[in-house]
Structures are given as C-alpha cells and as structure tokens.
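To get my numbering, take the position in the sequence shown, counting from 1, and add 136.
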Amino acid sequence: MIQLETTHSPFSISFKQNNILLMTVRHSASPVQDLRTDESSVTAEFSRFTLNMQLVADQWTLTTSPAESIVELTIEMPGHWYGHGELINQQWPLNKIMLQSASMQTFDNGPTGLSGVMTPAWFSSNGALIIADSPIEVGINQPPADYPHFKWSFATDGRGAFSDRPFLNKNKVGDGLFTFKGNALDLKFSFSENAIKAYEKLVGHFGHPIETPPDSLFEKPTWTTWARYKTAIDQDVVLQYADDIIKNEYPFNILEIDDRWQVYYGDLGFDPKRFPNPKQMIDELHAKGFKVTAWVIPFLDPESQAFTDGVKNGWLVKHLDGSPYLVDWWQGRGGLLDVTNSSALGWFFERLAKLQVETGLDGFKFDAGEACFFPPDAVTQTKIHPNEYTHLYVNAVSKHYRLTEVRSGWKNQHAPIFFRQWDKTTSWGLDNGLHSVLTGILALGMAGYPFVLPDMVGGNEYDEKASAELMIRWTQLNTLLPSIQFSLAPWEYGEESAELCRRYANLHREYAPLIIALAKESTQTGTPIIRPVFWLDANNEETLTCDDEFLLGNNILVAPVLYPEMRQRDIVIPPGDWQDHWTKRVFRGPMKITGYPTPLETLAFFERANNHGQG
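Below is the structure:
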C-alpha cells in the first residue's frame, strides 16, 4: 500500500511504502494557499493554478489547471533510470547524463541531445514509473546554468559536440532531479517491485506490436547505398554494388537506393539521366535475389511538380495566410506534406504505389518525420502538436508498408515495422559511435520498441574513415541484434575485414530463427528482443548499470568489444550456468569475469548451459 505525505512550504508530495521513500514531487516557485488531502487524493490551490493528484486503480494521476498556467515540478531521482528514447550521447542508465530542460519532442540531431524516437516515460530500478500524457519540457539531472546552450542547426558551428548532447555528469554537478514543465500537466505515477515490472506497466500504457515485420528483414542484411556512395548514385553504380556483394559472398536481402534517385525531392520518379531504365535495373536486381527499396521523405522541392500539385489541392503544411510553409531540412528548403489531411496521405501513397507498379520496387525507406521540422505556427487541416506529426507520419507508413523502415517515432510502439537508429558517426564511443549502437538499442527497447534496425555497420563516414578493426567489431555487435545493415563494403578494408565480417553476417543467419521467435514473443507480451542484463537480475548493482553487454532473449548473453585495440574484457555473468559459444567452458553466475580473452576474430557470447540457445 502506497502512503502519501505532503508538506506545505515548500510544497511536496512524497510516496512511501513500508516507510521507504519511493519518490518526492515538489513545487517551490509559489506558496500553497490551500491544501486538502486524504488517502487517495491531494488538492493544492496556488495563486495561479490548482494541482490535483488522484489514485485510479494502482496509478496516481497528477493534473494542473487552468491550461494557460505554466507549472514546473521537480522529482527526485533515487535508483537507476531508464526510458526516454533515443539520445545522441546515449548513456546508460540515464543518471549518467545532464539533460537541459527543453521541449520533449522528436529531433534530427537535437540541440540538447534528443533524437528521432522519443517516449515520454521514465522508470527506475526501484520500480517507479513516470508517464507524461501532456506536452512538456523535460530536464534530467540538469547541469549548472553556466553550461552552454546549443541551437538547433544543420551547420556544425555552434551546434555542440555529440559528447555534449546531452552533457555527461562527469563531476557529479547535475541537480539530481527530473524537471517537468508545461501547461495543463498530466503526469501518471505508478510503483512496482523492480524495473522489469515498471517496464511492463509502460508497455501496458503505450501498447506493443501485434504483428512482426517480414521474416526476411531479420534473416539477412539490408544493404544501402548511402554511406558508401552518398548522392553519387546511378543505375550502373547500383548494379555494380549488387554484383560486388554477390562476388564477395555476403548474405543479402534488401538493396536500398538512397538519396538521390529522383530529379526533384517530392517527385516520385527516377531521374532519367541517372536511371535511364529503372524497371530493367530492378528486374535485374530481382533476378540476382535482391528485394529493392527507395528512400523517401515528406519534403517537396518548390521546383517539383508534386509541390505545385500539393499547393493547388491544399495538401501541404501552410502559413496562416494559406501560402505553403517552406521548412529547412538537410538538403535545402521545401514544402512539407500535411499528414493530418487524409487526401494528402492518399495522394502520397497512391503515387508510391504507382511507382511500384511502374518499376517493381518492393518497398521504401521512410526518412525524417521529426517534430523539429514542423514549425510551431504552421497550419494543418487538423491542429496538432509537433510530436503528433511524427506519430501520424509513422502510423500512415506502417499501415501501408511492412517491408520498410522509419527513423522517427512518438507513441508509435504499436507499429509492426523497423525503427532505424539515427545516423551513426564512424567512431567508437557512446557519443553516437559504435558503443551507442548497443546502448541505443537498449534505450529503445526499454521505451517499448522491439524492432530496432541498427544504423549502418561502420557508421556513415561523414568526417572520419572506418578502420578494418572498427568494421569487424561493428559487425560482431550486430551479429545477435535483430537485423544487420551494411553500406560501407567490408572487403574494401582488407582481407581480414572481408573474412570476419562475412563470417559474422552468416552467423547472424544461423540465429535468425531464434530472433524471429523472440520477435513473435514481443507481439504477444511486449517483451523486447534485446534485453538489458538486469532482465535476469533486477536487484544487482552490476547488472543495473551494465552498458556494454546485452541479452538476446533470456538465454544468450553477448559481450561485444566496443573499444579499439581491446583484446580482453570484463564480463558480468547473470545468475545461471552460461556456456561460452566457442570454448564450451561453463560459468556459474552471478559473477564477474575479469580479463576474458577477446581476440579480433572473437565475439564473446554465452548460451544457457543445456539450453542450446532456445527461447
């Protein structure tokens, strides 16, 4: 039974169980004028607003009114915290970061570190769960006020390093609080015995997919043109790329034709100069065994015919005066599809279907959709909050396509499609490099997204070049994740890279039946495919903070190498008997192995003894 304790000055509400403090909510900006409480409710009258707390079933709901009053609350952070979604500097758990208070919305490379898939829910190792059902600003363990504030921009100047978005709490100077700020707050609080039970309540609130993406997306790697070629693609390049993959004996499924295959963004037709016969090209790719997808965005060049048609029919986001709103994106300025307009969505998907009929394309890679591209003063057919743009865009994609991927999400946990991680840097660290692939999958899984597509092996090679070692270790990490995505060609980094990356890409195929079985389990229970080590030991400090291992289901423990030149590593073993896949040596947990050998050719992973990796 949860007991409430309130204080008048400063105002606070504490949740306790058996005299153990679980959480304290505070408001200190203004004094309470009237305070009324009983076992299942709190009503606090302030000069500008009223705060109500009500127990409904096993969940406490906090609301504020009137809507025009902005209210700020702080919450202490006992325990280790998870949830929130995708960050650029993807630390695990959240206690390690200092996130400046800012609007909680989906971002492309956000100024505080927010990224494309956000979930307004946070839960702790102590079993506390917070869900925000109203638009809010959020701060987590905020840094001192003199820390720099970065602006959102596509230019690198003034944007801040990846390692500072969000800041790392190196010197323990963060305020140790959650900060929630907004109009008409609607916060839900619940309390369970541990993090796993809290996660289950999160899934109960947001839901989970009831179907899986196509099995083929789990079984074999996706190959995309982007990191290797950027925009320098044409018909010959794509066909040669396919031949190179086959020649080097790599497994494959999808070949994605990325930016830029069309003349003008928004016009859904192949550039006749670059792709003189797209149907013939796609027929050839089909004959080689590939499925083929193309990259699509919701932006429209003002020079495109689609822009003209969209303006004429009212299918684009507008200014107050009715003129089309041109928004900045990474390839210039363009119109933005109005996803609240069913006719606009119908036009968009009808043109995609027509392109498929004309060319034989099997599906599409849907990029963007983040709230940051939706201007706050924009006019749409139905008024929406910017995050709802993301939600509606992804929902529409998931209803039309299963052989697909998206990179944004807002309360889209139901969607039976792959959510791709944001573009990774060709580097090793948690600041958007190799290590963040792992922590990012854990974070997205704990936000309720089981079907996560890791970004491309080796990163995007924007400013740095991959090494053979990075390619090998990146492929090893991907081996027992839900899917693998290649773009950079492993054979271009030497014979060892070619051989080892091929070996692990094929090993992924061996475990695909288990991964698919776990995907189907997710549709029944909401349990993630990739699980943090604490899933098997929820009260162990080592497992609760372990950021460099993961579980595939409950019976495979994976300990990849995430640092350069590392040839041994420490490994946390959860309870049970665990057998090294390669040496067959058995370890009984809970325990910690120090200095375990991890030569370049080895991905350390363990299977439950006498279980043969099932389930």
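The C-beta atom is built at its ideal place from N, Cα and C for all residues, glycine as well.
Under the three-state reduction of DSSP output, W483 falls in the helix class. Just so you know, the alpha carbons of P590 and P711 end up roughly 28 Å apart. Across the set Y537, E506, H536 and S534, the C-alpha of E506 shows the shortest separation from the C-alpha of E524.
Beta-bridge partners of Y218 (DSSP): F259. In this structure, W610 sits near V593, with a CB-CB distance shorter than 8 Å.
Taking 8 Å as the upper bound for CB-CB distance, A655 and T348 are in contact here, some 5 Å apart. Contact between E494 and K415 is confirmed by a C-beta separation of about 7 Å, below the 8 Å threshold. Secondary structure of K287 (DSSP, three-state): coil.
Looking at the DSSP output, N188 bridges to T179 and T199. Taking 8 Å as the cut-off, the Cβ atoms of Y629 and S658 do not count as close. G215 is classed as buried because its beta carbon has at least 16 other beta carbons within 10 Å across all chains shown. Between T358 and N389, the C-beta spacing is below 8 Å. According to DSSP, W228 shares a beta bridge with no other residue. Membership of R162 in the beta strand (DSSP E) is indicated by the continuous run I156 to H163. Within a 10 Å sphere around the beta-carbon of V374 sit 16 or more other beta-carbons, which makes this residue buried. Taking 8 Å as the cut-off, the Cβ atoms of L580 and V253 count as close. As the crow flies, the alpha-carbon of N676 is around 12 Å from that of G725. The Cβ neighbour count for K448, taken over all protein chains shown within 10 Å, is under 16; the residue is labelled exposed. In the three-state reduction of the DSSP assignment, Q153 falls in the strand class, which pools E and B. The beta carbon of A641 sits closer than 7 Å to the beta carbons of P357, Y386, P387, T611 and I620 from its chain, once the five residues preceding and following it are set aside; these are given in chain order. A straight-line Cα-Cα distance of about 13 Å links Y283 and A297.
Here the alpha carbons of Q278 and G312 stand approximately 7 Å from one another.
When beta bridges are read from the DSSP output, I692 appears opposite L688 and E743. The Cβ atoms of L230 and K337 lie no closer than 8 Å to each other. Proximity to L693 across I665, M702 and Q704 peaks at I665, based on C-alpha coordinates.
For A334, the three-state secondary structure derived from DSSP is helix. With contacts defined by Cβ atoms closer than 8 Å, W196 and F342 do not form a contacting pair.
By the criterion of at least three beta-carbon pairs nearer than 8 Å, the stretch 316-331 is not in contact with the stretch 553-569. Counting every other CB atom within 10 Å of its CB across the protein chains shown gives H644 a total of 16 or more, marking it as buried. Apart from the 5 residues on each side of it in sequence, K333 sits with its Cβ closer than 7 Å to the Cβ of G263 in its chain, given in chain order. Shown here, K547 sits in coil according to DSSP, grouped into three states, outside any helix or strand.
Taking C-alpha positions only, S176 is separated from S150 by approximately 13 Å.
L472: member of the beta strand (DSSP E) spanning G468 to L472, first to last residue. Residue I577 holds the alpha-carbon nearest to the alpha-carbon of I224 among V339, I577 and T179. Looking at the DSSP output, L313 sits in a beta bridge with E212. For F723, the CB contacts under 6 Å within the same chain, skipping 5 residues up- and downstream, are I709 and W714 in chain order.
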